[in-house]
Amino acid sequence: MAGSEAKNSGSKQSGAKKKEVKKETGLGLTNRKADNFGEWYSEVVVNSEMIEYYDISGCYILRPWAMAIWEIMQGFFDPEIKKMKIKNCYFPLFVSPGVLEKEKEHVEGFAPEVAWVTKSGKTDLEIPIAIRPTSETVMYPYYSKWIRGHRDLPLKLNQWCNVVRWEFSNPTPFIRSREFLWQEGHTAFATKEEADVEVLEILELYRRIYEEFLAVPVIKGKKSEMEKFAGGLYTTSVEAFIPNTGRGVQGATSHCLGQNFAKMFEINFENEKGEKAMVWQNSWAYSTRTIGVMVMVHGDDKGLVLPPKVASVQVIVIPVPYKDADTQGIIDACTATVNTLCEAGIRAESDFRDNYSPGWKYSHWEMKGVPLRIEIGPKDLAKKQARAARRDNGAKIDIANDNLVDEVKKLLDTVQQNLFDVAKQKRDECIEVVHTWDEFVQALNQRKMILAPWCDEEV
Ligand code: 87F
C-alpha cells in the first residue's frame, strides 16, 4: 500500500470555480472532489448532516444520519460474532496507571496519545487515571483472574465502546478523531491453532462489512514486522484505497497476540494433563473510520453517496405538484408509495415540506446520499406510475405502481452492486506493478497503488 493513511490534501482553488458549482442548486458544495479533496470531504460530512464540528479540536458530533450507518453495521456484525460464541461485555472507561505501566513496552510508543484525568473539581486527584485508548490493560488483569483451567477456555469477549487517543496530526472526521466508536474483541484460547482460525474468521467479517455493506473493495493481508501491532505476534488487516489521494487506509485489524500479554498479565491455565500453560490471545477492532472510508470512496460533487445497504433512508419520495394539479392526489400517492415500500421492508420516507421546491428537495437528498429518489407528479398520477432517479449515476426509470416493490428492490440491489463495481474498477486502474525504486517513487507520485517485490527483511 502506498502510505497508510488518507490525508487531507489539495490546494486552494479559485473563487470562480467555487461559485460555478454552487450556482447550479443554491445548495451545492463549494469544493470539487477532484480539485480539493480535503475541503470537499469536510464539506460533504457536514452538509450531508452526518457530522457537526465541535468546540474541541478533533472531536465531532455524530448526527443521526451517521449513527444510523454505524447501527446498521453493528446489526450485521454483532449477530455474526454471537454465532461464533463471542459474548458482549462492558469494562470501565478509566485505566489505573499501574496496569498501563505493566504494558510499558508496547504502550511507550503510544504514550503521548493517552489522555489523563488529573482533577475532580478543583482538587488534584491523588493518582491520575488514564482514559482507555484500547482495553488490553483494562481487561487482561481480569482474564488472569477468570481463567484457571482448560474448562474456562476459550474466553471470547467483545465490547462496543468509545476510546480516546489524543492525536496531534491532522484530525479528520471519522478517519482520525480524538474520540471514536469501535468494537474491540479480546479472546483467549488454549491453543495457537484456535487463535489462528479466529483471526481470519474475524478478518472475513471485516471484509464483508466493507465490501457487502459499504461497497468498498478491500485487500486482506498480513502486516510487515514494522507495521504490526508491537504487542502482538502478527497483525492482519483489510486495507482500502482512496484514488483521489493515492493513499491506502487501514480499514480494520485482527491481531494474533500470541502469548505476549499472557506473560505480562499472567494469564495461565491448567491444561488437560494438569500442567500449567499460557493462553493464546487475539484482539480485533473496526471503528467509525469505516464510515469515513465509504464517504471518500463513493462521494461525488453533489455530496454523499450511500450504498443502499447502509442508508437509513433508501428511498425518498417527493411530490411534484403543479399549479392546477390535484395536489392532494399526489400527496396521497406519495403516502401510499412510502407505505407499500415500508411494508416490504424497504426504508422509505416522504418529504412533504411545503416551504421547499421539488428542485431544492432533489439537491438536499442528493447531498445526503439517498440511493433512490421517487418523484410523483400529475402525469405519473394519471399513468399510475412513479419516476425513480438513481443517486449513483442519475439514471431515471419509470416504474408502474403494480411493480413498485419488485422494481425498487431490484434497483437498490443494482445500485449497491454498481457502487462496488465502479469503486473496484477505479481502484484497480490505480494498481501499478513496479520493480525498481525509481519506478516505485514515480508511481507513488502518480497516486498509484503499488505492487512491488517484498522481502520482509530489515537491512
Ligand atoms: C494509543 C495509545 C495507547 C493503538 C494506542 O488494534 C495504546 C495504544 O495499544 C495501542 N493506539 N494501540 C494498539 C491497539 C491494538 C489493538 N487493541 C484492541 C487493536 C484492536 C483492538
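Okay, so the sequence shown: first residue is 1 according to full-length UniProt numbering, each after it adds one.
We put the beta carbon where it would ideally sit given N, CA and C, even for glycine.
Review point. In terms of residues, what are the limits of the beta strand (DSSP E) holding N268?
Key: The residue you call residue 268 lines up with position 268 of the sequence shown. Counting along the chain, the beta strand (DSSP E) containing N268 begins and ends at 268 to 270.
Practice item. Please state whether DSSP places W454 in a helix, a strand or coil. Key: Mapped onto the sequence shown, residue 454 falls at position 454. Of the three classes helix, strand and coil, the one that applies to W454 here is coil, per DSSP.
Review point. Does any heavy atom of the ligand 87F sit closer than 7 Å to the C-beta of W160?
Key: Along the sequence shown, read from residue 1 onward, the residue named residue 160 stands at position 160. False, no ligand heavy atom lies under 7 Å from that Cβ.
Review point. Taking just the CA atoms, how far does N282 sit from G258?
Key: Sequence index remark: in the sequence shown, residue 258 carries index 258 (1-based). Sequence index remark: in the sequence shown, residue 282 carries index 282 (1-based). Their backbone Cα atoms lie some 7 Å apart in a straight line.
Practice item. Check M264 in the structure and name its three-state DSSP category. Key: Numbered from its first residue, the sequence shown carries residue 264 at position 264. In this structure, DSSP gives M264 a helical state, which the three-state scheme calls helix.
Check your understanding: Given that a residue counts as buried once 16 or more other Cβ atoms are within 10 Å of its Cβ, and exposed if not, what is E24?
Key -> The sequence position of residue 24 within the sequence shown is 24, counting from 1. With a pLDDT of only 45 at E24, under the threshold of 50, the placement of this residue in the model should not be trusted, and no figure is reported.
**Study point:** Quiz: which residues have CB nearer than 5 Å to the ligand GDP non-hydrogen atoms
**Key:** In the structure on display, the ligand GDP does not appear, and the ligands it does have are the ligand 87F.
Exercise for review: In angstroms with no decimal places, state the Cα-to-Cα distance between K448 and P243.
Suggested key: Stepping through the sequence shown from its first residue, residue 448 is reached at position 448. Stepping through the sequence shown from its first residue, residue 243 is reached at position 243. Computed Cα separation, rounded: 8 Å.
Practice item. Quick one: using the 10 Å Cβ neighbour count with 16 as the cut-off for buried, is H364 buried or exposed? Key: The sequence position of residue 364 within the sequence shown is 364, counting from 1. Buried, because 16 or more other Cβ atoms sit within 10 Å of the Cβ of H364.
**Study point:** the region 247 to 254 in contact with the region 188 to 206 per 3-pair CB rule at 8 Å
**Key:** yes
Practice item. Pick out the complete beta strand (DSSP E) segments inside the region 212 to 250, 3 residues or longer, and give them in chain order. Key: 219 to 222, 234 to 242
Check your understanding: Are the CB atoms of G58 and S177 nearer to each other than 8 Å?
Key -> Within the sequence shown, the letter at position 58 stands for residue 58. Within the sequence shown, the letter at position 177 stands for residue 177. It is a contact, given that the beta carbons lie within the stated cut-off.
Exercise for review: Spell out the partners DSSP gives F94 in its beta bridges.
Suggested key: Translated into the one-based positions of the sequence shown, residue 94 becomes position 94. I131, per the DSSP bridge assignment.
Check your understanding: Is it the case that the Cβ atoms of G232 and F241 are separated by a distance below 8 Å?
Key -> As a first step, residue 232 is located in the sequence shown; it is residue number 232 there, counting from the start. As a first step, residue 241 is located in the sequence shown; it is residue number 241 there, counting from the start. Cβ atoms of G232 and F241: not closer than 8 Å.
Review point. Do you know how far the Cα of V216 is from the Cα of R208?
Key: As a working note, residue 208 is residue 208 in the sequence shown. As a working note, residue 216 is residue 216 in the sequence shown. R208 and V216: Cα-Cα distance of roughly 9 Å.
**Study point:** Whether V297 touches P173 by CB criterion (8 Å)
**Key:** Sequence index remark: in the sequence shown, residue 297 carries index 297 (1-based). Sequence index remark: in the sequence shown, residue 173 carries index 173 (1-based). In this structure, P173 does not lie closer than 8 Å to V297 by Cβ.
Check your understanding: Rounded to whole angstroms, how far is the Cβ of P378 from the Cβ of D326, which I believe are closer than 8 Å?
Key -> Sequence index remark: in the sequence shown, residue 378 carries index 378 (1-based). Sequence index remark: in the sequence shown, residue 326 carries index 326 (1-based). Contact between P378 and D326 holds, since their C-beta atoms are separated by about 7 Å, short of 8 Å.
Point to revise | 3 or more residues per run - each beta strand (DSSP E) lying fully within the region 152 to 223 | key: 155 to 164, 179 to 189, 219 to 222
Exercise for review: Could you tell me which of T134, Y140, I291 sits nearest to W70, measuring between CA atoms?
Suggested key: For the purposes of this step, residue 70 is identified with residue 70 of the sequence shown, where counting begins at 1. Comparing Cα positions, the closest option is I291.
Review point. Quick one, which of T340, T187, G359, A111 has its alpha-carbon nearest L27's?
Key: By one-based count along the sequence shown, residue 27 stands at place 27. Of the listed residues, the one whose Cα sits closest to L27 is G359.
Check your understanding: From V433 to P453, what distance separates their C-alpha atoms?
Key -> Here the question's residue 433 lines up with position 433 in the sequence shown. Here the question's residue 453 lines up with position 453 in the sequence shown. Cα to Cα, V433 sits roughly 9 Å from P453.
Practice item. Apply the 10 Å Cβ neighbour rule to E193 and answer buried if 16 or more other Cβ atoms are within range, or exposed otherwise. Key: The residue given as residue 193 occupies position 193 in the sequence shown. E193 comes out exposed.
Check your understanding: Can you check whether the CB of K83 is closer than 8 Å to the CB of D301?
Key -> Stepping through the sequence shown from its first residue, residue 301 is reached at position 301. Stepping through the sequence shown from its first residue, residue 83 is reached at position 83. No, the Cβ-Cβ distance between D301 and K83 is not below 8 Å.
Review point. Candidates F76, I330, S312, G98: which alpha carbon is nearest A130's?
Key: As a working note, residue 130 is residue 130 in the sequence shown. Nearest of F76, I330, S312, G98 to A130, Cα basis: G98.
Review point. Pairing CB atoms from the region 336 to 351 with CB atoms from the region 404 to 420, are three or more of them under 8 Å?
Key: yes
Practice item. Taking E43 as the reference, give the member of D35, T30, D55, Y54 with the closest Cα. Key: On the sequence shown, residue 43 is found 43 positions in, with the first residue counted as 1. The residue with the shortest Cα to Cα distance from E43 is T30.
Review point. DSSP three-state call for residue 460: helix, strand or coil?
Key: Nothing about residue 460 can be read from this structure; the chain reaches only from 1 to 459.
Check your understanding: For the alpha helix (DSSP H) that N403 lies in, which residues bound it at each end?
Key -> On the sequence shown, position 403 is the one that residue 403 refers to. Counting along the chain, N403 falls outside any alpha helix (DSSP H), and DSSP gives it neither H nor E.
Practice item. Measure the alpha-carbon distance for I81 versus V320 and round it to whole angstroms. Key: Mapped onto the sequence shown, residue 81 falls at position 81. Mapped onto the sequence shown, residue 320 falls at position 320. Straight-line Cα distance between these residues: approximately 45 Å.
Point to revise | Extent of the continuous beta strand (DSSP E) to which A389 belongs | key: Walking along the sequence shown from the start, residue 389 turns up at place 389. Where A389 is concerned, the enclosing beta strand (DSSP E) stretches over 385 to 390.
Review point. Does E204 have its Cβ less than 8 Å from a Cβ in chain D?
Key: The structure shown contains no chain D; it is built from a single protein chain.
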